[in-house]
Structures are given as C-alpha cells and as structure tokens.
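Residue numbers (my numbering): 3 to 347.
For each residue, glycine too, the CB sits at the ideal point set by N, CA and C.
Since the structure comes first, as structure tokens, the remarks are kept for the end.
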C-alpha cells in the first residue's frame, strides 16, 4: 500500500443500533444515545490520521425498524457527501445489517469509494464492548488507499470482529458471539489482525471507471416463502394471492429442491402467468441452487422459477425489491435477477 501524507476523510453515518445505545439509569434498559455522547466514548478517534465527519438519523432507529425508505436516506447522504469524502462508515444495528448492506450495493452503481457497515453486539459505553475495535478498524478500512487515486476496497462492505466481507454476501450467523457475521459463499475481502491483510483477488474493481449512479426506488411487494415438510396447498395459495404481490423468494431444500406434488407446480405456474416472479434460493447457509440437478427441482423450472444460485436470502430479497422498482415487465426482472450485478452471486 502506498503511504500518503494527505489525510483521508471519512463520513460516519449513524443510523442507530446497539453500537449507538447506552443504559438508562432509570429503567436500566438500552436506549439510543445522541451522536456526541457516542463519540465521547471513543477518544481514540482523535488519534487517527483521518478527518472524521458525522451525520446522524434523527431519531436514531432500531435496525428491526429499518425499511427501504431508510436505505434511500443512507444512499442520499452518501450521494450528498460523495465528492467531499474518501470513504463512508455506516453504524447500523446487527439484526438487519446484511439486508441494508445488500440493498446499498444495488443502489450504488459504479461505486469507487468504500462504504463499510459495522456495529456491535454490546453498546459502546459497556465494558468489554466490541464497538471500539469494530468502528476504529472500519474507519481505517474506509480510509485505506491502494494508490493516490484508488481506494483499497471500493465496495459496499460489512466489517465485524476481524473480517471485512462483501456486504451482499453476508448473513448474521450468531445472536451472541462477537463474531456475528459470515460470508459462506465468498472469501473475505480483508482480515484484521496485527496487520490488515487484503485479499486482492476477491475485491471488485470493475465498477469504478464511470460516475456514481444512485437508484432510489424499491418495490416492497415481496415475500419470503420457506418450504417445509407438510406445507399445505392452502398456505402457498394464500401467499401467492396477496394483493399487489410481485415477487417471491422461495427458500427451497438443498440445491434448490421442492416437493414434487403437482399442486405446487400448478400454484407457481399460475402465479408466473400473472406476472409474479419467483426466485429459488437454498435454505442452507452455504452452497448453491442447481436447478434441474435433481428431479425435485425440475418442476420449479417448468413453473418459470428463476435460479438464485448461491445468493443469500438477504441479497435475494433486496435485489428483488430493487429490480421490481426498476422494471414493470416480469421478464426483465427475471433476466436481471439471474445476472450478478454487484458480485452478489
């Protein structure tokens, strides 16, 4: 890495989540702190050779309440500060962080600066909190340059514990461990130890030669349908009959398999004929959908289901919303869903 004397600038975007919380003295429950209070727990930031600015949601929100409107707000902040900052760190609750990181990856086309999501399992002001290490390292990653003109990791990423991962490849794997996130189907972009070691071959540098394009339209008329033994036709029919429904992320078994009962194929075929897009993703945390490999997935192909290959559920949901927000034609949505847009599959 080239050593530069120029101080890099990083914008912190506070959305909320555990990292921004403190304990209420009256109720002893966790509640959001104001930005200045959060930063007061991090005097180490003043020791970094980075110009740090911050913007905060008002009010801060729990990540369980995140909606597509909040994704648009994050994207608009990045768009506003894009020419003023070298990198961005989004402080976010862990519960839906993988969804938000996936959504932003689709929204920010031709990104050539790091956008790094991070958070913590314990609030910043609590002893043994993982917040300090996560945030300080995320800032360092956001400021890192490969050359004077090129960021080290020009992607939407997620940093947690000691791993930098592609945002749209991540899943929250544990509700209690500090090592809370994993990228099961794609290698880490960097590993933070005594030194930060970058995995150059895994980093995407193909989007950065054109101006940034920000898409701000999502269609949330999407559901996740998880198959299970004993699922009834009435259940599937009720889901596909939801008024306004345009997309279904079907969580199938193994490498994309489903019950071979004729009624399931009929229900999906009828929905496909009405313009509803169904994408097949595996319930397994690792591995890929291979449509047609087993007889149990042939009917899904016949019914017009598209393959999500090795995409995560989080990326599949946000990608479906993103594409439905761009295209009215179901065939266009299906065409683009099967293509890897931001390295998500």
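Taking the CA atoms as reference points, residue 237 sits about 35 angstroms from residue 75. Counting only runs of 4+ residues, the alpha helix (DSSP H) found wholly inside the segment 93 to 123 occupies 99 to 109, in chain order. Annotation for residue 339: 279, 281, 308, 310, 321, 322, 325 place their beta carbon closer than 8 angstroms to its own, counting only its chain and skipping 5 residues before and after. As for any beta strand (DSSP E) of minimum length 3 sitting wholly inside the segment 216 to 261, the runs are 224 to 228, 249 to 254, ordered along the chain. By the neighbour-count definition (other C-beta atoms within 10 Å, threshold 16), residue 196 is an exposed residue. Secondary structure at residue 267: helix, using DSSP grouped into helix, strand and coil.
Out of 65, 87, 328, 232, the CA that lies nearest to the CA of residue 9 is found in 87.
DSSP places residue 83 in the uninterrupted alpha helix (DSSP H) bounded by 70 to 83. Following the DSSP letters along the chain, one finds residue 16 inside the beta strand (DSSP E) bounded by residues 10 to 16.
Of the candidates 152, 13, 151, 160, 160 places its Cα closest to the Cα of residue 136. Around the beta carbon of residue 168, 16 or more other beta carbons sit within 10 angstroms, so the residue counts as buried. Taking the Cα positions, residue 206 is about 26 angstroms away from residue 251.
In the structure shown, residue 333 falls within a helical segment according to DSSP collapsed to helix, strand and coil. Judged by beta-carbon spacing, residue 270 lies beyond the 8 angstroms limit of residue 298, meaning their Cβ atoms are not closer than that value. Taking a cut-off of 8 angstroms on C-beta distances, the segment 84 to 101 touches the segment 12 to 21, as three or more cross pairs fall below it. For residue 144, the secondary structure class from DSSP, reduced to helix, strand or coil, is helix. In the same chain as residue 72, and ignoring 5 residues on each side of it, the C-beta atoms closer than 8 angstroms to its own belong to 17, 59, 63, 102, in chain order. Annotated three-state conformation of residue 275 is helix, per DSSP. With distances taken between CA atoms, residue 148 lies nearest to 200 out of 302, 277, 49, 200. For residue 194, the enclosing beta strand (DSSP E) starts and ends at 192 to 194.
Contact fails between the segment 209 to 229 and the segment 171 to 182, because fewer than three Cβ pairs, one in each stretch, are under 8 angstroms apart. In this structure, residue 283 lies away from residue 249, with their beta-carbon atoms at least 8 angstroms apart. Within the DSSP secondary-structure output, residue 309 pairs in a beta bridge with 282. By the CB criterion at 8 angstroms, residue 19 and residue 139 fall outside the cutoff.
For residue 299, no beta strand (DSSP E) encloses it; the enclosing alpha helix (DSSP H) starts and ends at 297 to 304.
For the pair residue 38 and residue 134, the CB atoms are not nearer than the 8 angstroms cut-off. For residue 186, there is no enclosing alpha helix (DSSP H), as DSSP gives it neither H nor E.
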